[in-house]
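First residue of the sequence shown: 1, per UniProt numbering; consecutive thereafter. Note that beta-carbon positions come from the ideal geometry of N, C-alpha and C, so glycine has one too.
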Amino acid sequence: MRPTPSSCWPLLALLALVPAACSLTHAARTPAPAQAPAYPANSADAENAGLHNWPERADPALIGSRLAHAFARVDPENSRHYKLACTWYGSLAVADLLHDEALRDTLVAMYTPYRDSHADLLAGPGHVDDNVFGIVPLEIARQTRDAGLLAEGLRIADHQRARIDAHKRFAIDDMFMITALQVQAWRASGDPDYLDTAAAAMVEYLDALQQDDGLFFHHADFRHRWARGNGWVAAGMTELLRELPPDHPHHGAIRAGFERMMRGLLSHQITDGDGAGLWKQVIDSPDPRNWPETSGSAMFTYAMITGVRSGWLDASTYGPVARAGWLALVDRLTPDGELRDVSMWAYKPDSHPGGPDHAGDEENYYFQRPRLTGDQHGQAPMLWAAAALLR
């Protein structure tokens with residue numbers, strides 16, 4: 001059975017009346033009664049698991065609004081960096097969930113300089129980190145019914161889909177970058193081929209990179225369990241599972257990979273002292289130089305919130321873990337809504353020409369990454385987690 005969107009809006013002229021689907025702002029489609037979630041959103045089980053009744057300082061509406069308004073004051077400077085796209089996407093989701101039309105209008109207006117400006121993305125093979133920017137026009141199109149932006153976003157998704165092998169680096173970050181664009185194209189167009197592309201790529205990456213403990217090496221050639229890299233995987237699988245029908249050929253493998261990863265994360269959450277509720281920069285390293293990192297922790301928290309709310313994860317086990325994660329993240333926010341202790345980007349040591357030699361002590365590469373405050377790598381998943389709690 002081919003999936004169908006749960007909501008739709010008409011388009012004009014050459015776009016031939018394609019339906020629009022749910023985005024990050026909407027709950028996943030409700031399955032047939034025989035497959036109904038064990039813990040549906042807003043159920044007593046979810047409440048008992050700690051995903052409701054927040055203290056005022058941790059109110060998801062307050063936190064989400066603060067972060068989204070902070071992003072709305074940012075000058076994008078015509079950048080198409082993936083971290084900007086991810087924060088924009090999360091801000092639009094929060095604005096929609098809060099029915100804050102003024103905020104949404106500001107976020108939409110920020111896109112004006114970008115309209116019809118993506119020719120360079122389409123000129124060559126492209127790159128996963130660049131093409132994911134297409135999630136922004138697609139989300140704006142979904143919310144505003146802008147046919148031009150729908151076409152613009154779909155051109156970027158189509159470009160990637162036609163060159164998908166060129167976009168596969170087998171770095172775990174890709175498991176979000178590819179998935180987010182293709183899933184968002186499905187949500188905005190209703191064309192299941194986008195969903196099929198995302199699912200096929202996800203299964204290929206799971207087969208290649210997931211370890212026996214459920215976690216992932218950062219890269220096939222750099223075998224460390226970096227928090228944010230694993231966070232991209234968790235968020236990517238979450239976005240995909242929110243849309244993938246249970247009878248899809250790849251659903252079982254992806255759901256199993258998701259559950260295996262969540263089990264693997266349980267034992268590594270910090271339980272006391274500094275950073276209780278978070279995960280460390282290198283998830284499984286006992287090295288005293290390791291430190292609590294917030295961007296990966298926010299992605300794990302987003303995945304677990306959604307997993308509990310959607311019935312993929314046992315609420316009594318994962319609800320308290322997700323609650324502890326959210327509260328710990330809130331405690332790392334400045335009064336201006338900027339998340340502290342966000343790792344600077346990381347790839348492989350040899351991607352830093354002239355940088356330190358970490359031979360024989362590769363974990364130290366991660367330990368020495370600067371800790372940033374307010375970086376969009378952290379702001380984005382905080383917004384996703386807030387949206388998941390608001391949904």
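Answer yes or no: do residue i and residue j have a C-beta to C-beta separation smaller than 8 Å?
i    : j    : result
H250 : A199 : yes
A141 : G153 : yes
Y318 : A388 : no
A70  : A95  : no
L206 : G257 : yes
L278 : P288 : no
A119 : S91  : no
G307 : M261 : no
L240 : T179 : yes
P381 : S310 : no
H224 : E362 : yes
L390 : G64  : yes
M175 : W232 : yes
V128 : M177 : yes
So, is the C-beta of residue i closer than 8 Å to a C-beta in chain D?
i   : result
S91 : Checking the listed chains, one finds no chain D in this structure; it contains a single protein chain.
Please classify residue i: does DSSP put it in a helix, a strand, or coil?
i           : result
E293        : strand
V321        : helix
W226        : strand
residue 392 : Outside the shown range of the chain, which is 1 to 391, sits residue 392, and nothing can be said about it.
L389        : helix
L372        : strand
F216        : strand
L339        : strand
L333        : strand
Q143        : helix
M175        : helix
R73         : coil
L181        : helix
Q379        : helix
S285        : coil
M261        : helix
E243        : coil
If you count every other CB in all the chains shown that lies within 10 Å of the CB of residue i, and 16 or more means buried, which is it?
i    : result
R228 : buried
T112 : exposed
A235 : buried
A85  : buried
S117 : exposed
H377 : buried
L266 : exposed
R242 : buried
P60  : buried
L192 : A small correction: the amino acid at residue 192 is Pro; Leu does not occupy that position in the sequence shown. Burial call: buried.
Q208 : The residue you asked about is not Gln; residue 208 is Ala in the sequence shown. A208 comes out exposed.
T271 : exposed
E139 : buried
G275 : buried
Kindly examine the ligand SAM and report whether one of its heavy atoms sits closer than 7 Å to the Cβ of residue i.
i    : result
A166 : Among the components of this structure there are no ligands whatsoever, and the ligand SAM is therefore not found.
Give the DSSP bridge partners of residue i, in chain order.
i    : result
R187 : In the DSSP output, where bridge partners are listed per residue, R187 has none listed.
W279 : E293
S79  : Paired residues: none, contrary to the question.
Q210 : F216
L103 : Paired residue(s): none; L103 is not in a bridge.
Relative to the C-alpha of residue i, which candidate in the options has its C-alpha closest?
i           : options                   : result
V136        : G126, L107, L122 and H127 : L107
H248        : A322, M262 and D196       : D196
residue 405 : Y114, E363, H268 and L327 : It is not possible to answer for residue 405, since the shown part of the chain is limited to 1 through 391.
L121        : P335, H167, S295 and R104 : H167
G273        : D165, A322, Q210 and A328 : A328
A324        : P335, F300 and W345       : F300
F367        : R340, K280 and D336       : K280
L383        : R187, R66 and Q211        : R66
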